[in-house]
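Chains as they are written, first to last, in our numbering: chain A, 439 to 651; chain B, 439 to 651.
Every residue gets a Cβ at the ideal spot worked out from N, C-alpha and C, and that includes glycine.
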DNA sequence: GGAATGAACAGTTTATAAAACGCTCACTCT
DNA sequence: AGAGTGAGCGTTTTATAAACTGTTCATTCC
């Protein structure tokens, strides 16, 4: 699945196509243009990719890998509390989404067509994120910061909550700093909910709540 | 602004146009068709509405009024706790949005074009909802169920949180019952956050928290 | 014989001409 | 004099033909 498993020629094709996708958009790049960039015939492209859409899918898969690695880095960071990680997770996710879509309209178009044709891609992306989120929650639970029943279920709910700050269609409405402020308000609320659940689990009779700042 | 303030002829025009909007969609209904339905000329339509878009805007304004009245009814209901009202508010809002868009694609098209041309309409709708939401929060605060700093700010944040369950673009992904379940999970979390804030305000030393079920 | 080609096919996009549309206004009707 | 008309204006939508694109495969190349 990672880039390294690809044939050298496939990498070249992917690279040429990616460049055109970002520059001219998915719809405006043709297979023969990509072939020309690679000094080969159109027919030969199909020895390495089943279709144009599969090239786009691979392109997004690479993007996703970088995106997920970034978030995984936050999860694995030392010296940060699970609460801080949770906040940073969503702030980073938002910032990455904002940069990807608001600053680069062609990437937005590619996502639109790809997700229309291949809905699974979006689900895989969300699942990969939910995985990391669930790990943050599990660590927090083990460490006493959170009380989370089912980490994966809770991760889904957190994704629902943050949807407003991930959905590309909305980014035009508000500017980044306003949205960031609102997202922080949302995260305050989420963390308060966890604080309450943690307090409830602890029996609701102690003044100091473990893991509370 | 309400329907009653309209001229009798204007009401007739609005009614005929609305019927066509819902049946054939905004784009497929023509002014001359509406005029024919009303047994008048196209020119006469413009004595009552400045443009076709303004008819659509009035149509949506009526919809909004019904929608808001419904939510206001929840807010004003007797014998329900603010927490129950908060939950019912969002469940109803979701159900209404789901019916409006998922079950009636033509209404979806009308919203799309109207919001593209008249972004203010969406803001007014959101503001009207936020108003009611803020009142529920204020009542809850006065009654001891919630601790809410700024009701309007908090209302905004709750709207952000529920965005996933309001955004028309998403309704195709999951079915209503799955989304309802997830929304309930989100509301559980929100209510827990309020419980914690309430507990914090109360000094964090009492076992029983006022207003808690 | 595996790698690469490019003409050919079906489907889509684009270009453009024709039809239809939203809207105005000089006018008629009552 | 206020309500209503409808031909006419500029623009948008639609219909259709031409050009192009994604994909295949019989063939060529090394």
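If the criterion is Cβ atoms closer than 9 angstroms, does the pair residue i and residue j meet it?
| i | j | result |
| --- | --- | --- |
| residue 573 of chain B | residue 513 of chain B | yes |
| residue 571 of chain B | residue 596 of chain B | yes |
| residue 476 of chain B | residue 506 of chain B | no |
| residue 635 of chain B | residue 585 of chain B | yes |
| residue 665 of chain B | residue 491 of chain B | This structure cannot speak to residue 665 of chain B, because chain B is shown only from 439 to 651. |
| residue 627 of chain B | residue 529 of chain B | no |
| residue 567 of chain A | residue 531 of chain A | yes |
| residue 534 of chain A | residue 498 of chain A | no |
| residue 598 of chain A | residue 602 of chain B | yes |
| residue 551 of chain B | residue 641 of chain B | no |
| residue 494 of chain B | residue 455 of chain B | yes |
| residue 569 of chain A | residue 600 of chain A | no |
| residue 480 of chain B | residue 489 of chain B | no |
| residue 637 of chain A | residue 462 of chain B | no |
Does DSSP put residue i in a helix, a strand or coil?
| i | result |
| --- | --- |
| residue 456 of chain B | helix |
| residue 584 of chain A | coil |
| residue 618 of chain A | helix |
| residue 605 of chain A | coil |
| residue 640 of chain A | coil |
| residue 542 of chain A | coil |
| residue 527 of chain A | helix |
| residue 445 of chain A | coil |
| residue 478 of chain A | coil |
| residue 489 of chain B | coil |
| residue 511 of chain B | helix |
| residue 613 of chain A | coil |
| residue 502 of chain A | helix |
| residue 521 of chain A | helix |
| residue 635 of chain A | helix |
| residue 558 of chain A | helix |
| residue 516 of chain A | coil |
| residue 496 of chain B | helix |
| residue 651 of chain B | Only weak support is given to the placement of residue 651 of chain B: the predicted model assigns it a pLDDT of 36, under 50, and the question is left unresolved by the model. |
| residue 462 of chain B | helix |
| residue 551 of chain B | helix |
| residue 568 of chain B | helix |
| residue 592 of chain A | helix |
| residue 600 of chain A | coil |
| residue 484 of chain A | coil |
| residue 450 of chain B | helix |
Are there 16 or more other CB atoms within 10 angstroms of the CB of residue i, so buried, or fewer, so exposed?
| i | result |
| --- | --- |
| residue 543 of chain A | exposed |
| residue 561 of chain A | exposed |
| residue 520 of chain A | buried |
| residue 581 of chain B | exposed |
| residue 523 of chain A | buried |
| residue 496 of chain B | buried |
| residue 467 of chain A | buried |
| residue 545 of chain B | buried |
| residue 525 of chain A | buried |
| residue 644 of chain A | The predicted model places residue 644 of chain A with a pLDDT of 47, which falls under 50 and marks its position as unreliable, so this point remains unresolved. |
| residue 578 of chain A | buried |
| residue 620 of chain A | buried |
| residue 589 of chain A | buried |
| residue 485 of chain A | exposed |
| residue 633 of chain B | buried |
For residue i, tell me which candidate among the options has the shortest Cα-Cα distance.
| i | options | result |
| --- | --- | --- |
| residue 518 of chain B | B:619, B:602, B:599, B:583 | B:583 |
| residue 447 of chain A | A:463, A:469, A:483 | A:483 |
| residue 563 of chain A | A:587, A:509, A:615, A:541 | A:509 |
| residue 536 of chain B | B:613, B:479, B:575, B:554 | B:613 |
| residue 540 of chain A | A:470, A:445, A:606, A:459 | A:606 |
| residue 575 of chain B | B:527, B:460, B:445, B:615 | B:527 |
| residue 623 of chain A | B:587, B:444, B:460 | B:587 |
| residue 445 of chain A | A:473, A:487, A:472 | A:487 |
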